[in-house]
Each structure stands twice: as C-alpha cells, then as structure tokens.
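These notes are about the structure you will find just below.
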Amino acid sequence: MSNTAASFPGVVIALICLYLPVKAPAEPLQLNDIDWPPFFFPGQRQLQPGLGKALLNHCLTQLGYNFRYNNLPIKRTHYYMQTGELDITVYSYQAAREDAVVFGKEPLFVSSYGFAVKADSGINVSQPADISALKFGHLAGLAHTPELNAVLEPMREKQQVIESFELNSTLQQLISNPARIDITANSRETLLWRIKNLGLSDKISVLDYELASKPYYIAVSKSSNLIDDPASFISRFDSCVLQLKQNGSYADMAASYGL
C-alpha cells in the first residue's frame, strides 16, 4: 500500500473529529440574544439573524451543540459571563476580561466605532476632545475606547453624559425638541442600520471620523458548567469559522447584510 493510501484514513478521522464535540452536554449552551444590527437581531423579529448570530448558529450546530438565546441588557451579560450563567458571548478583546473568559482567535467580524449627531447640528469631530463641550448620549454597558473614556470622565462630573438603556431612545434624544443630547457613539454599522430602519436618515448623520476599528471574537466563560475545556472548544469553533471564510460562504453571508 502506498504512503498516500495508508495516510488517507488518518486524514478522514482527523476531519471527522474536528466536527464531533468532545462532550456535547444534554443541556443547551446559554448565549445572550443581543440587539446589535446588522451583527445580531434578537428573537425571531427579523428574516435574518445577523452576521454574528448566523455564524454562531452554524458553527454550534456543526459541532453538535444545543443552545438557547437569552435577551439580556449589556451589563447583565458581563455579569453572567463572570458567573457562568451564560456560557458564550461575542466580545472584542480586552485584557481585563481574560480573568472571566477565554477568547477565540478567528474574528467573527470587524466593527468600526464612530459618532452620530443631528443632521443639521453643524457638529464635526476630528478628535475625541472635540466633544468635551457637548452633551453625550451613553448607552448603558457599552464599552468606549480609552481615548473617549478620558474625555468622558470630566464630562460625567459636569453631568454632560446622559445614559439610556436602548439605542432607539438614545437616537430619539438627538432629535427631540429641545434635544437632550448633542452626540452619541456606537458601532458605525449599527448606527447606519438603525437610523435607516427608523426612517431618520434625513435627521441623523453618522460622522466620517472613526474612533476605532475592532475585531470581535467568540468568548467562553471560564465558569461555564457545560464547556469543560474552553480552549479546545474555541479551537474547534474557530476552525469552523475559518472554513466558512475559505470556501466563500462567509463572504456571501456578510454581503447579505451589506458588509
């Protein structure tokens, strides 16, 4: 028998093992159902689940896992990832979170971060310090860049930071009369999607200035009772995402969301 023929069964076994979970729990994995268009749409309200959610659905199913989504505020998500009541979420990398989670290495998507203002406000931003005299709308639980946080800290003391718990509410505060806020920050893709779907494209503008561009990864809670070996699980999940990128499926999925 040739060396090629002899090695063929080993290759087949290796490929099969990639998609068989080491230990698929009977209980479903718990994930958070994020309202973050066009990456995540909660529940069944949309015809498409969002790019990030579609990748989670595909690869978790491919790996043989059952899973359930829970609709939680951002702050509750962080807490439940620390306690293990949530098994999986999607995060940008932050060293401070490594105490609680194990990060994947293959990005699910990349999101840019920027500002939105009332269309006729005349406000322009070329650096974070430019917002220091404005009223800023903060979405509770949303993490900002270190540079923006440095500007927001003294603004909080002057009560120039107005917090809300839903992005729709934040955007409405930009155009209320009188306006409660002058500017807000979020994923530029999310701002553009939400503004368009609210029919506010003529009233709210997303500025060209980009604060940051960040990749987002799967993150597994170190306190999960259902994923015994987070590092191994993530390696297998990342391999699934990489395969989608290599065979062209990822590009098709992203294009369906205008990404």
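In this note's numbering, each residue's number is its place in the sequence shown (first place is 1) plus 13.
We put the beta carbon where it would ideally sit given N, CA and C, even for glycine.
Spatial distance of residue i from residue j (CA atoms)
i      : j      : result
Val130 : Asp242 : 45 Å
Trp206 : Asn181 : 11 Å
Pro34  : Glu166 : The predicted model places Pro34 with a pLDDT of 46, which falls under 50 and marks its position as unreliable; any figure quoted below should be read in that light. If I take the Cα positions, the gap works out to 46 Å.
Thr158 : Asp143 : 15 Å
Ala264 : Lys258 : 7 Å
Asn79  : Ser269 : 26 Å
Trp5   : Asn162 : With the chain covering 14 to 272 only, the question about residue 5 has no answer from this structure.
Phe246 : Ala156 : 26 Å
Pro62  : Ser139 : 34 Å
Ser134 : Gly117 : 41 Å
Ser177 : Tyr92  : 19 Å
Ala232 : Tyr104 : 6 Å
Pro228 : Ile87  : 18 Å
Ala299 : Leu99  : Lying outside 14 to 272, the shown extent of the chain, residue 299 is not represented and no answer is given.
Asp90  : Gly65  : In the sequence under discussion, the amino acid at residue 90 is Thr, which differs from the Asp named in the question. Going by the C-alpha atoms only, they are around 16 Å apart.
Asn45  : Val174 : 27 Å
Leu255 : Arg249 : 10 Å
Met168 : Glu40  : 46 Å
Lys216 : Gln75  : 43 Å
Ala132 : Glu223 : 17 Å
Ile47  : Val114 : 18 Å
Leu73  : Ala109 : 26 Å
Lys235 : Thr102 : 12 Å
Buried or exposed (CB count within 10 angstroms, at least 16 for buried), residue i
i      : result
Glu119 : buried
Gln172 : exposed
Leu60  : exposed
Ala67  : buried
Thr203 : buried
Pro191 : exposed
Asp195 : buried
Asn260 : exposed
Gly150 : buried
Ala198 : buried
Val123 : exposed
Gln43  : buried
Ser214 : exposed
Lys148 : buried
Ser189 : exposed
Arg201 : buried
Spatially closest choice to residue i from the options, by CA coordinates
i      : options                           : result
Glu170 : Thr158, Arg193, Asn199 and Ala146 : Ala146
Asp112 : Asp133, Thr96 and Ala225          : Thr96
Asp221 : Tyr126, Ile188 and Thr74          : Tyr126
His71  : Ser262, Asn137 and Gly271         : Ser262
Phe128 : Thr183, Ser252 and Tyr230         : Thr183
Ile136 : Leu121, Pro55 and Val219          : Val219
Pro141 : Met266, Gly77, Arg193 and Ala225  : Ala225
Asn84  : Glu179, Arg193 and Asn210         : Glu179
Residue(s) in a DSSP beta bridge with residue i
i      : result
Ser105 : Tyr229
Leu42  : Phe80
Ile47  : Looking at the DSSP assignment, Ile47 forms no beta bridge with any residue, so it has no partner.
Glu176 : His151
Phe53  : Trp49
4 or more residues per run - each alpha helix (DSSP H) lying fully within the segment 184-265: Listed in chain order, they are 201-210 and 243-259.
Ordered list of beta strand (DSSP E) runs contained in the segment 110-171, each at least 3 residues: Runs of the beta strand (DSSP E) spanning 3 or more residues and lying entirely within the segment 110-171 occur at 114-116, 122-131 and 149-152, in chain order.
Residue ranges of each alpha helix (DSSP H) within the segment 59-105, 4 or longer: DSSP assignment within the segment 59-105 yields the following whole alpha helix (DSSP H) runs of 4 residues or more, N-terminal first: 64-75 and 87-96.
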